[in-house]
Amino acid sequence: MLDTPRSIHDVSAAADTLGALIVVVGPSGAGKDSLIRYARAQLASDPAFLFVRRAVTRPADAASEDHDTLSPEAFAAAVAQGQFAVTWEAHGLHYGIPSSAKAHVGAGGVAIANGSRAALPSILASFDQVTIVHVTATPEVLASRLALRGREDAASIAARLRRNLPEPTTCGAWLEIDNSGELAAAGEALLSVIRGFKPR
394 MLDTPRSIHD
404 VSAAADTLGA
414 LIVVVGPSGA
424 GKDSLIRYAR
434 AQLASDPAFL
444 FVRRAVTRPA
454 DAASEDHDTL
464 SPEAFAAAVA
474 QGQFAVTWEA
484 HGLHYGIPSS
494 AKAHVGAGGV
504 AIANGSRAAL
514 PSILASFDQV
524 TIVHVTATPE
534 VLASRLALRG
544 REDAASIAAR
554 LRRNLPEPTT
564 CGAWLEIDNS
574 GELAAAGEAL
584 LSVIRGFKPR
């Protein structure tokens, strides 16, 4: 599993340095996209915060993440042109966090990105200040949400949940938010973290 999480207070109180990336990770079905949308609705008008649009080699889906869609060929060309701060591959798809996120952080802003646990070493290597928010939910809630997405059959969902079991990592301190219940409760927890990093 990930290392011992810090409390929201501890994470926010540590935000004394200008510029930070808040990377939201967790298993499929945990509700990362919903939490990010909740926070963006509250903070979109504040230029200090950048909600990162990832590039993904998958068609856009209004019911899930708001991302830029690229073909595999266009994605490879963008990588060659240095358009991404971080890239990774998962479930046969390519993902990228654009270089604009790194520029925003470098200028003292706060960027919020939907990330991947597998990509954390690359993310930590690319950004100087990173806070990891690990979103969780009970296995029953994960299974229910994955079934509602309609992308996979029951056997595939069961296999995905087995893959979602936490694995050891050396990525350091992190913050956990349980999104098994009401979205507003978990959303306010994420907002508390994000607001704690607003430049003073």
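The numbering of the sequence shown is this note's numbering, which starts it at 394 and goes up by one.
No residue lacks a Cβ here, since even glycine has one placed at the ideal position from N, Cα and C.
Given the structure is predicted, the values throughout are model-derived calculations rather than measurements.
- Leu568 is bridged by DSSP to Val526.
- Of all alpha-carbon atoms in Ala413, Pro532, Ile490, the one lying nearest the alpha-carbon of Ser509 is that of Ile490.
- In the DSSP secondary-structure assignment, Glu482 is bridged to His487.
- Rounded to whole angstroms, Leu486 and Val418 show a C-alpha spacing of 16 Å.
- Secondary structure note for Phe468: its alpha helix (DSSP H) is the uninterrupted segment 465-473.
- Residue pairing from DSSP places Asp461 in a beta bridge opposite Ala448.
- Distances from the CA of Val523 to each of Thr531, Gln474, Ala512, Ala548 were compared; the closest alpha carbon is that of Ala512.
- Lys591 is positioned such that its CB atom lies no closer than 7 Å to that of Ala496.
- Nearest to Lys425 by alpha-carbon distance, out of Ala540, Gly589, Ala547, Leu535, is Leu535.
- Closest by C-alpha distance to Gln476, out of Arg447, Val498, Arg451, is Arg447.
- By a beta-carbon distance limit of 8 Å, Ala506 contacts Leu414. Their separation comes to about 6 Å.
- Membership of Ala506 in the beta strand (DSSP E) is indicated by the continuous run 503-507.
- Restricting attention to His484, Glu482, Ala504, Ala483, the CA atom closest to the CA of Ser492 is found in Ala504.
- With 16 or more other Cβ atoms from the protein chains shown falling within 10 Å of its own Cβ, Gly580 counts as buried.
- Between Leu539 and Gly422, the C-beta gap is smaller than 7 Å, which places the two residues in contact.
- For Ala500, the three-state secondary structure derived from DSSP is coil.
- The DSSP assignment places complete beta strand (DSSP E) segments of no fewer than 3 residues inside the stretch 416-446 at 442-444, in order along the chain.
- The beta carbon of Leu428 sits closer than 8 Å to the beta carbons of Val417, Val528, Ile570, Asn572, Leu576, Ala579, Gly580, Leu583 from its chain, once the five residues preceding and following it are set aside; these are given in chain order.
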